[in-house]
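To start, the structure under review is shown below, and the notes come after it.
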Amino acid sequence: MKKDTHPTYYPEAKVTCACGNSFTAGSTVKEIKVEICGACHPFFTGKEKVLDTAGRVEKFKAREAKAKSATKSAKGGK
83 MKKDTHPTYY
93 PEAKVTCACG
103 NSFTAGSTVK
113 EIKVEICGAC
123 HPFFTGKEKV
133 LDTAGRVEKF
143 KAREAKAKSA
153 TKSAKGGK
């Protein structure tokens with residue numbers, strides 16, 4: 083292998099989640115910060131959790147309600 087072409091591998095890299103959970107994994111970066119992990123992901127916990135940080139759900143619901151009202155008025159209010 084050529085020298086100085088491969089990144090440094092850290093077998094004990096620390097991974098820290100936003101929920102506070104931390105664990106180690108192999109990586110080319112010493113410390114990794116993630117937003118979601120196996121301890122807090124809804125698929126693994128069985129709990130529903132909305133991760134709406136920019137108000138996207140509310141914007142979608144508003145557009146959906148507006149579209150439904152526009153459809154009703156176009157059909158004659160039925």
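So the sequence shown is numbered by this note's numbering: it starts at 83 and just counts up by one.
Beta carbons are placed, not taken as given, at the ideal position from N, Cα and C, and that holds for glycine.
If distances are taken between C-alpha atoms only, which option among the options comes closest to residue i?
i           : options               : result
residue 95  : 108, 125 and 128      : 108
residue 102 : 119, 92, 142 and 155  : 119
residue 116 : 151, 152, 100 and 147 : 100
Between residue i and residue j, is the Cβ-Cβ spacing less than 8 Å?
i          : j           : result
residue 98 : residue 104 : yes
residue 91 : residue 112 : no
In this structure, what does DSSP give as the bridge partners for residue i?
i           : result
residue 99  : 116
residue 92  : 109
residue 151 : The partner list for residue 151 (beta bridge, DSSP) is empty, contrary to what the question assumes.
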